[in-house]
Each structure stands twice: as structure tokens, then as C-alpha cells.
Amino acid sequence: MKANVNYSTEKGQLTVVKDVPLPELSDDEILIKSVAFAANPTDWKSIVWGYGIPNAISGSDVSGIVEKVGKNVTGFEKGDVVSSMLRTGSSTTNGAFAEYVVVSPITTIKFKNGKDFQKEPLKPGLHPAAVTTTFEGASSLNLALATVVLSYSYGLKIKNDPSSPKTILIWSGASSVGVLAIQVAKKVFGLKVITTASIKHEQFLKELGADAVFDYRDADVVKKVRAYANGSIAYAYDTFSEVSSMQAIYDATADSPHVAIDNLLSIQPEQLTLTDGRSVSFSYTLVYQAFKIDFQSGNLFSPYTPELGESFDALWVKVQEYLPEIKHHNLQVLEPGLETTNQALELLRDNKVSGAKLVWHI
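The opening residue of the sequence shown carries number 1 in full-length UniProt numbering; numbering runs sequentially from there.
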């Protein structure tokens with residue numbers, strides 16, 4: 001089969017299409033024939049920043065059709081339309097940007113309406129957010145959705161309590177994680193949602209369920225969020241995940257009796273300027289632990305716990321009940337072909353993508 005293999009850090013040469021053996025299928029996995037792909041920042045960072053292994057097959061997000069199912073796998077069969085995720089740059093024999101991919105059922109979505117998916121590739125260009133009826137839309141979901149599910153279930157430990165409605169602050173609501181975080185917060189948990197984004201995305205985010213949108217570029221954004229929330233924020237989710245955004249969240253929630261704050265890049269409270277006497281719980285989410293594994297990257301080690309797995313699995317199943325209502329992000333569709341991968345990675349590397357997910361057909 002053909003696959004995009006990590007190649008170099010040079011512009012336009014991050015990956016190269018090579019012939020590689022078909023990945024081996026274990027009894028606990030699913031083999032899918034790829035139809036569409038989505039690009040994520042981690043795909044280029046694993047190459048340029050060097051945390052991927054040499055000659056690894058690139059890619060995190062993929063959709064396609066089940067070709068074969070391991071004997072221990074239940075709930076999937078040959079011919080199912082699915083989307084799934086992998087840890088990019090971690091294997092020389094398996095990765096999302098390939099003609100065939102082996103995936104875990106843990107983070108795989110089966111689309112009940114898959115037989116009705118559009119068979120022809122979407123035309124290149126911008127396609128608006130919509131419920132999922134295409135392979136391109138399906139490919140955009142899994143890494144971001146699994147991140148939200150793990151953050152909400154294990155990091156923030158959000159509870160469904162209609163008798164006591166809560167507020168969540170989502171920093172960077174127009175990101176791929178943010179768009180799904182808003183919808184899950186609103187549809188699954190009934191939370192009031194405050195978010196930050198470029199103001200050009202305000203109407204879009206309100207259509208998804210955000211109650212208030214604040215311009216992150218506004219010098220007074222922290223003051224404005226704090227005044228609007230009036231101490232009501234119980235959860236805060238940093239999908240941008242830099243020290244500056246974490247500090248902004250911490251400051252904007254100063255009036256909350258207690259707040260749980262989660263981020264995606266293992267930012268520690270020791271990196272922030274903290275105030276004595278506040279009640280704050282900090283956490284960070286490493287989405288690959290949804291695979292029920294310890295996570296090791298450089299000096300960072302996070303052990304897997306049964307509580308993590310159980311909480312993720314329960315919410316993952318629950319969220320899929322809402323898939324007919326949940327919209328994927330706006331799609332920036334590129335030309336079909338594995339050769340398009342380098343274009344997608346360079347667009348992300350150069351920060352030329354805003355308010356959309358890069359996708360392409362095989």
C-alpha cells in the first residue's frame with residue numbers, strides 16, 4: 001500500500017509517499033480502507049519538533065470503510081463506515097495518512113447513516129459546518145472529539161446536574177477542539193457556555209451553542225469575561241493551551257467559589273502567577289491515554305488509571321448518541337490524493353488556517 005512517511009523538516013518535504021507493507025491486524029483492532037483524512041497541528045509538530053520516530057507513517061485523523069475486524073472486536077463489521085484516530089508519528093507500520101489503517105475500536109465512530117454518505121469527493125474550497133454526511137466531515141472529528149470527551153469526563157469531571165446549571169469558559173472556541181467542546185457542553189451537559197475567539201467567528205459560535213463570545217484580542221478580555229460571568233464559572237477549558245491563555249483563564253475566573261481548569265499541553269500551575277486563598281483544581285489532558293496506556297513523551301510521564309478509562313468510555317458512548325445533532329467544523333477541502341498531505345501540513349505550520357479544518361479525499 002501507499003502511505004505518507006515522515007521525511008524531513010524542509011518546507012514542502014515533511015512527508016513522502018512510499019510503498020509500505022499492509023499493517024498487521026491484531027485480534028483487538030479494526031482494519032479500515034481509508035477514504036478521507038484531516039490534518040492536525042500535531043501531525044507537523046511531530047516531524048519538525050522531533051517527537052515522532054524516524055520514518056513513521058504520518059497522520060492522526062482518518063475516515064473510511066471497515067475491511068476486516070479482529071476476532072475480539074464487537075460492534076463493528078466489514079463494510080461499516082467509520083472514522084478513527086491514531087497517535088501520529090508513533091509507528092513505522094501504521095498511521096492515518098495511508099491507504100489502509102489499523103485502528104482501535106476504543107476511539108472509532110461507526111456512522112449509522114454511513115450508507116448514505118456522499119461517495120464523490122467534496123469539491124476543493126470552504127464547506128460550512130454541518131452534521132456529518134461525508135467522509136471528509138467524518139475524518140475531522142475523532143482526535144478533537146476524543147480530546148473533549150477525556151477532558152470533560154476525567155480532567156474537569158463535569159457532572160450532568162440539571163438542578164444546578166453551571167457555566168464553562170472555553171478559551172479559543174473556534175479551534176477544532178473548541179467547536180466540539182461548545183456543542184458537547186451545551187447538548188450533553190446543558191452548561192452555559194462563554195468562549196473567546198476572533199470576533200469574526202462570533203455568529204458561528206453562537207449558532208453552535210455559545211451564550212457569549214469575547215474577542216481574545218481585546219486588551220480587556222479578561223475583565224469583560226470576569227464581569228459577565230460574575231463568579232458563575234465552574235469549569236474552564238483552555239483549548240489554546242499556552243501559559244498566557246492559562247493565566248487569562250485563571251484571572252477571568254477569580255470570582256468563582258471553585259473552578260476546575262484543564263489544558264491540552266501539560267501546563268502546570270507553577271508556571272502561573274497564583275493568588276492565595278483561591279479554590280482551583282488544575283488538570284491537563286493527554287488524549288492518547290484514551291487508548292488505555294501510560295503516556296511518555298520526553299520528561300513527561302502520565303500513568304494510565306482505570307478511572308480514566310472508565311470515565312472516558314462512558315462519556316464517549318453517551319456523546320455518540322448526539323452525533324446526529326453535532327456539527328463538524330467548517331471544512332477547508334484540499335485536492336484529493338496522498339500527495340496533498342504536505343500542502344496541508346505546511347498550511348498548519350505557517351498558521352494559515354483559521355476557523356476551519358483541513359481535509360482531503362484519498
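Built from N, CA and C at the ideal position, the CB exists for glycine as well.
TODO: Can you tell me which of the three DSSP states N55 falls into?
DONE: Stepping through the sequence shown from its first residue, residue 55 is reached at position 55. Looking at N55 - three-state DSSP - the assignment turns out to be coil, as it is neither helix nor strand.
TODO: Would you tell me roughly how many angstroms separate the C-alpha atoms of W316 and A252, rounded to the nearest one?
DONE: The residue you call residue 316 lines up with position 316 of the sequence shown. The residue you call residue 252 lines up with position 252 of the sequence shown. Their Cα atoms are separated by approximately 30 Å.
TODO: Can you tell me which of G59, E29 and D27 puts its alpha carbon nearest to the alpha carbon of P41?
DONE: Taking the first residue of the sequence shown as position 1, residue 41 is located at position 41. Of G59, E29 and D27, the residue nearest in Cα terms is G59.
Open item on the list: Among A39, L31, S279 and L143, whose alpha-carbon lies nearest the alpha-carbon of T340?
Closed with: Position 340 of the sequence shown, counted from the first residue, corresponds to residue 340. Minimum Cα distance to T340 is reached at A39.
Task: Beta-carbon proximity check, I158 vs A236, cutoff 9 Å - done: On the sequence shown, residue 158 is found 158 positions in, with the first residue counted as 1. On the sequence shown, residue 236 is found 236 positions in, with the first residue counted as 1. Not in contact: I158 and A236 (Cβ atoms no closer than 9 Å).
Open item on the list: Quick check on the DSSP output: the beta strand (DSSP E) that includes Q268 runs from which residue to which?
Closed with: Residue 268 sits at position 268 when you count from the first residue of the sequence shown. From DSSP, Q268 is part of no beta strand (DSSP E); its letter is neither H nor E.
Task: Host alpha helix (DSSP H) of G125 (start-end) - done: Looking up residue 125 in the sequence shown gives position 125. From DSSP, G125 is part of no alpha helix (DSSP H) but of the beta strand (DSSP E) over G125 to H127.
TODO: Would you kindly check if the distance between the Cβ of A98 and the Cβ of S140 is under 9 Å?
DONE: Residue 140 sits at position 140 when you count from the first residue of the sequence shown. Residue 98 sits at position 98 when you count from the first residue of the sequence shown. No, they are not a contact pair.
TODO: Give a yes or no on whether the C-beta atoms belonging to T92 and N142 are separated by under 9 Å.
DONE: By 1-based counting over the sequence shown, the position of residue 92 is 92. By 1-based counting over the sequence shown, the position of residue 142 is 142. It is not a contact, given that the beta carbons lie outside the stated cut-off.
TODO: With DSSP as the reference, label T196 as helix, strand or coil.
DONE: For the purposes of this step, residue 196 is taken as the residue at position 196 of the sequence shown. T196 carries a strand assignment under DSSP once its states are collapsed to helix, strand and coil.
TODO: Give the straight-line distance between the Cα atoms of G231 and D255, rounded to the nearest whole angstrom.
DONE: Mapped onto the sequence shown, residue 231 falls at position 231. Mapped onto the sequence shown, residue 255 falls at position 255. C-alpha separation (whole angstroms): 4 Å.
- [ ] Give the C-beta separation of D262 and S172 to the nearest angstrom, bearing in mind that I take them to be a contact with Cβ-Cβ under 8 Å.
- [x] As a first step, residue 262 is located in the sequence shown; it is residue number 262 there, counting from the start. As a first step, residue 172 is located in the sequence shown; it is residue number 172 there, counting from the start. The Cβ separation is near 13 Å, so there is no contact.
- [ ] Excluding the 5 residues preceding and the 5 following P124 in the sequence, name in chain order all residues of the same chain whose CB lies nearer than 7 Å to its CB.
- [x] Looking up residue 124 in the sequence shown gives position 124. Cβ neighbours of P124 within its own chain (closer than 7 Å, five residues either side excluded): V333, L334 and E335.
Task: CA nearest to the CA of N204, picked from A129, Q271 and V148 - done: By one-based count along the sequence shown, residue 204 stands at place 204. It should be noted that the sequence gives Phe, not Asn, for residue 204. The candidate whose alpha carbon is nearest that of F204 is A129.
- [ ] Please classify G52: is it buried, with 16 or more other beta-carbons within 10 angstroms of its beta-carbon, or exposed?
- [x] Counted from its first residue, the sequence shown places residue 52 at position 52. Buried, because 16 or more other Cβ atoms sit within 10 Å of the Cβ of G52.
Task: Inter-residue spacing [alpha-carbon to alpha-carbon] between V66 and E270 - done: Counted from its first residue, the sequence shown places residue 66 at position 66. Counted from its first residue, the sequence shown places residue 270 at position 270. Using only the alpha carbons, I get a separation of about 46 Å.
Open item on the list: My parser needs the alpha helix (DSSP H) runs of 4 or more residues fully inside the region 272-322; what are they?
Closed with: 306-320
- [ ] For Q332, name the three-state secondary structure that DSSP assigns.
- [x] Looking up residue 332 in the sequence shown gives position 332. In this structure, Q332 counts as strand in the three-state DSSP scheme.
Open item on the list: What does the Cβ neighbour count give for K357, buried or exposed, with the cut at 16 atoms within 10 Å?
Closed with: Within the sequence shown, the letter at position 357 stands for residue 357. By the 10 Å Cβ count, K357 comes out buried.
Task: Beta-carbon spacing of P257, S279 below 9 Å - done: Here the question's residue 257 lines up with position 257 in the sequence shown. Here the question's residue 279 lines up with position 279 in the sequence shown. Yes, the pair counts as a contact, with Cβ atoms nearer than the cut-off.
TODO: Can you have a look at K192 and say buried or exposed, based on whether 16 or more other CB atoms are within 10 angstroms of its CB?
DONE: Looking up residue 192 in the sequence shown gives position 192. Buried, because 16 or more other Cβ atoms sit within 10 Å of the Cβ of K192.
- [ ] Can you give me the start and stop residues for the beta strand (DSSP E) that N342 sits inside?
- [x] Taking the sequence shown and counting its residues from 1, one reaches residue 342 at position 342. Careful: N342 lies outside any beta strand (DSSP E), inside the alpha helix (DSSP H) at T341 to R349.
Task: Coarse secondary structure for W49, derived from DSSP in three states - done: The residue you call residue 49 lines up with position 49 of the sequence shown. Looking at W49 - three-state DSSP - the assignment turns out to be coil, as it is neither helix nor strand.
Task: Within 9 Å, strictly: CB atoms of T107 and A144 - done: Here the question's residue 107 lines up with position 107 in the sequence shown. Here the question's residue 144 lines up with position 144 in the sequence shown. It is not a contact, given that the beta carbons lie outside the stated cut-off.
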